Amino acid sequence: PLGPDQYGYYIYDSGDTGYDLAPIYDWIEIDPGYGGPGTDLNLSDNGNGNYSTSSAYIDLPFTFKFYGVDYDEITVNSNGWIAFGHSEMESFRNYSIPGAGGPSPMVAAFWDDLKTSSGGDVFGYVDPDDEFVIIEWSDMRTYYANSVETFQIILYNNPAQPFGNGEIKIQYNEFNNTSSGNYSNYTPTHGSYSTIGTENHLGNDGLEYTFDDKYPTAAMELDDETAIFITTQPPTALPSPSLSYNPGTFDFIISLNETASSNLILSNIGEAGSVLSYAISETYPLPFVNPGGGPDSFGQYWSDSDLDSDLNYEWVDISGLGTQLVFPHNDQAADPINISFEFPFYGETYTQCIVNPNGWIGFGEDNTTYSNTSIPSSSAPHPAIFGFWDDLSPEIEGGSGCSVQGGNVYTYAFNDKLVIWFDHVARCSSNYPGTYDFEVVLHNTGHVDINYREMEGYLTSATIGMQNDGGTDGLQVSYNDDYVTNELSLKFRRIIDWLTIASETNELEGELYDGESAEFMLEVNSTGLSEGLYDASIFIDTNAEPTVTIPVSLTVDATANQVVISVPFSGGWNMMGLPAEVEDANYLSLFPDAIENTLYSFDGSYNQEEELLEGFGYWLRFTTAGSSDIMGLPNDEISILLHEGWNMISGISTPVYVTDIDDPEGIIVSNTFYFYDNGYSNASILEPGQGYWVRALATGNITITNSNRASNRNQFSSALESANSISFFNSNGKVGELYFGVSIPEEEKLSYSMPPKPPAGGFDIRFAGDFKYCEDSGDIEILNDGDKLIIAYSAAHGNDEEWMLTTDRGEEWILDQAGEILINSDVQHIYLEKSLLPPTEFALNPNYPNPFNPVTTINYSIPKLSDVQVIVYDITGRQVITLVEATQEPGHYTIQWNAHDAASGLYFLKLESNRKTQTRKIMLLK
């Protein structure tokens, strides 16, 4: 704050944000012309002392003490001041205060030579509750510079400590301190800008806020929408806020057409009770170090290689590549040409353009006007890019048009740019001839380059630039000027808004109390940007310190974030997948060692393909083992549509456990993920670049992700772990493993099913019906490619059963405990069967289940012809039921007891045969 003066007055301004008495600009309109309630004081002043009425007198509704003196009247003057009491002075020439010039006492709100003759007026307003009085100078003009001034004084009925003096607020709606003349020795010229401040009744004490456009250190330079507050209350500093922000810089590296995000945190780490006011914004540097022009309304600039040392002359050579355009007339465009990409231009997107022989490219209707005009203009072609718009005359088939002809126009489309080349095209004039060799280059980012290689002859009758559809906005580089030189590159660029700042409240300004923080989300987007380095800045304006600048850099690199994944393969057939997002997904580009025409997908049958899609699995054949390095953008998550039955799929760019796959509808059949390596095996992990089979109960979506989300599927527990097994080996190793002698519940059988057989030339073994197990017997189908096979088996040999292996050539083996068998390559079927051995002992085997409810199964053996009884007794010895009473041949027998009408409890099962007896306890639990 400014002050105090000798009496004790201070002046606070709206820049004193660290003080509780700092005023806030809050305009109170009293001019009736703007809807206000004020009363016109009817002042009339033409300036320079030429007035009819320059002062008015207002009775105050309350006593106002100023510099210790009580007043009930003020004098209001047209020249921006009030005096307390009744003053006859008409001072229009301002002086420094306090001093002899001007009235005393006074408040100078904007003491200068002002006039009402240009629509200005002075108004007064008394609050109905006698709380304040407002004097407003509305639309006044300075005599010296005719500048508009609108300001007001507010006198408050609020005696302030320590002496009971009144308080005053001055607000500036429109502030133009422009009276910059000076005083000579004789005829004064109104100058010294304005005087603002206070002066006591003796003219020897006061505060000068500004005079002659000079401000004390403690004063803020005034402007539109600012305010000052005059009081005898001494300064009381508010608790000081302090800004902390993290991080201090942002560096992003992304690929084309990608986004990335990060967070910015602001905190108030200031004193207790402090309030940090903040506002966040972003800004971008200009696209050129030295722009030649712009921006237009669309935000575009231009510069060239002569103006800007950072720009080079860059000719794009399409000689031998381009297609020559055929013009029907030297003022008519050729047929529209395809741009080969979507070209953004003034907010619209175009896929075709026309080329007019008069040196311009358009995106709308043709225009045969050969006389160039300035732009932007609706009479000129629009929307259009004017490389060198003049009356040009390339060679025309049939000679239509100008008698002076020369040169041709060619176009060539690259993947990322279109080049239109005017190759030494002649000017249609024999008196002012010219030959022009230039090209217009349209980039897929929306950038436009015009390169001038050799421009000879008359060069000052052309329009160069571009304009929008409608001809209402554009950039004119040259109109009939001597601008073009040889080997000059002209470039048009637009600032692309690639940085976005957001918050949860969608507000970028606010307040933080001490200890509070606010989080902001930053997102960068490379859409529309070409490869390169881009800079931006985040500005943080606070009441704690000068503006903080946080640099933000964005590197756009087509290879950024790309990964290289090494995908191994074996000789022969492999199941493969696409582990990353690649530009070229042709199978020979990804796997150059693959055998041609061997890529197959599956949709119920095998189909030959040329390209791989992410999420799908494929068969692909190789001559020898090796690996391929696949480079692309990582795929961290993919959703795959499964169909009922078997599906070939692939994973993402990182390994994923099959138990971590998100299967919200529960359609995956447990234990049916298979990979192929010289035969099928169950998969527990999906590796990048490998293909897999999986079986689905119904059609639905699954999601594979690297987020380690909680699985909604339980770990599978196989019923085959303790089963008999038979493994097959060829010269490349293990082909597969089958299981036998195990019973699987009906509802679990699909979990032990096998996927479709591999293509011809692959290896495969399975039981008929596409299962990997059998209970008592099974036909093993063998898919072999000329190798002899070794069979390794492990079979539990029971006392009453044995397993027999028989080939389709009649060879037989009994599987006894463990061993190996060598079979010939031409065997395609092997029959595996369990057979029971004649019993050698009289035996009653344990029933199962036990306990039971209400049915249990009972096995017993008879070694010779016998009379047999199987009887159930209760715990008292009472016979409950006779299950068997017959003469039976030697053998193994199985019976069941359905105890549905028996009570729960302990029973005795008794087997009798030829005076031999065995008894077992059985338990019925209901």
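Quick note on this note's numbering: the sequence shown kicks off at 204 and runs consecutively.
From the three backbone atoms N, C-alpha and C, an ideal C-beta is built for every residue, glycine too.
A quick note: this is a predicted structure, and the numbers were derived from the prediction, not measured.
For Thr862, the secondary structure class from DSSP, reduced to helix, strand or coil, is helix.
For Lys318, the beta-bridge partners assigned by DSSP are Arg344. The beta carbon of Ser681 is closer than 6 Å to those of Ile667 in its chain, skipping five residues each way along the sequence. Put simply, of Asp619, Asn634, Gly609, Ser633 the residue whose alpha carbon is nearest the alpha carbon of Asp626 is Gly609. When the five nearest sequence neighbours on each side are left out, the beta carbons in the same chain lying within less than 6 Å of the beta carbon of Glu814 are those of Ala788, Asn789, in order along the chain. Measuring C-alpha to C-alpha distances from Pro959 to each of Thr319, Phe1045, Leu986, Phe491 identifies Leu986 as the nearest. For the beta strand (DSSP E) assignment, the uninterrupted runs of no fewer than 3 residues enclosed by the segment 993-1026 are, from N- to C-terminal side, 1004-1010, 1015-1018, 1020-1026. For Asp511, the closest of Val519, Gly495, Ile521, Thr526 by C-alpha to C-alpha distance is Gly495.
The DSSP-derived three-state label of Leu736 is strand.
Between Asp234 and Glu352, the gap from beta carbon to beta carbon reaches 8 Å or more. Residue range 720-728 is occupied by the beta strand (DSSP E) that includes Leu725.
The DSSP-derived three-state label of Pro235 is helix.
For Glu924 and Leu736, the gap between their C-alpha atoms comes out near 59 Å.
In this structure, Met669 keeps its C-beta atom at 8 Å or more from the C-beta atom of Ala747. In the DSSP annotation of this structure, Tyr1076 is not part of any alpha helix (DSSP H); the continuous beta strand (DSSP E) holding it starts and ends at 1069-1077. Look at the segment 644-707 and you find these whole runs of beta strand (DSSP E), each 3 residues long or longer: 651-660, 666-670, 677-682, 691-697, 702-706. The Cβ atoms of Gly882 and Ile798 lie no closer than 8 Å to each other. Nearest Cα to Gln1099 within the set Glu1115, Val1075, Leu524, Asn1117: Val1075.
For Asp513 against Val492, the beta-carbon gap comes to about 5 Å, under 8 Å, which counts as contact.
Across the structure, Gly775 and Glu1023 are spaced so that their CA atoms are roughly 26 Å apart.
Spanning the alpha carbons of Glu657 and Ile557 requires a straight line of approximately 24 Å. Assigned with DSSP and collapsed to three states, Ser480 falls in strand.
Ala430 is classed as buried because its beta carbon has at least 16 other beta carbons within 10 Å across all chains shown. The three-state reading of DSSP puts Glu840 in strand, counting E and B together.
Looking at Gly241, Ile852, Pro331, the one whose alpha-carbon comes closest to that of Pro264 is Pro331.
Counting other Cβ atoms within 10 Å of its Cβ, Arg1012 stays below 16 and is therefore classed as exposed.
The closest CA to that of Ser458, considering only Trp701, Gln765, Gly369, is found on Gln765.
Leu781 sits in coil when the DSSP states are folded into three classes, being neither helix nor strand.
Judged by DSSP in its simplified three-state form, Ser921 adopts coil rather than helix or strand.
With distances taken between CA atoms, Ile231 lies nearest to Gly241 out of Asp1104, Asp223, Gly241.
Take the alpha-carbon of Thr758 and the one of Asp738: they are about 9 Å apart. Between the segment 719-735 and the segment 451-471, the count of C-beta pairs closer than 8 Å reaches three or more; the two stretches touch. Per DSSP, reduced to three states, the secondary structure at Lys1129 is coil, with no helix or strand assignment. When Cβ pairs closer than 8 Å are counted between the two stretches, the segment 1086-1094 is seen not to touch the segment 1117-1126, the count staying below three. Spatial neighbours of Ala311 in its own chain (CB-CB distance under 6 Å, excluding positions within 5 residues in sequence) are listed in chain order as Trp284, Thr398, Ile399, Gly400. If you draw a straight line from the Cα of Glu411 to the Cα of Ile300, it is about 6 Å long.
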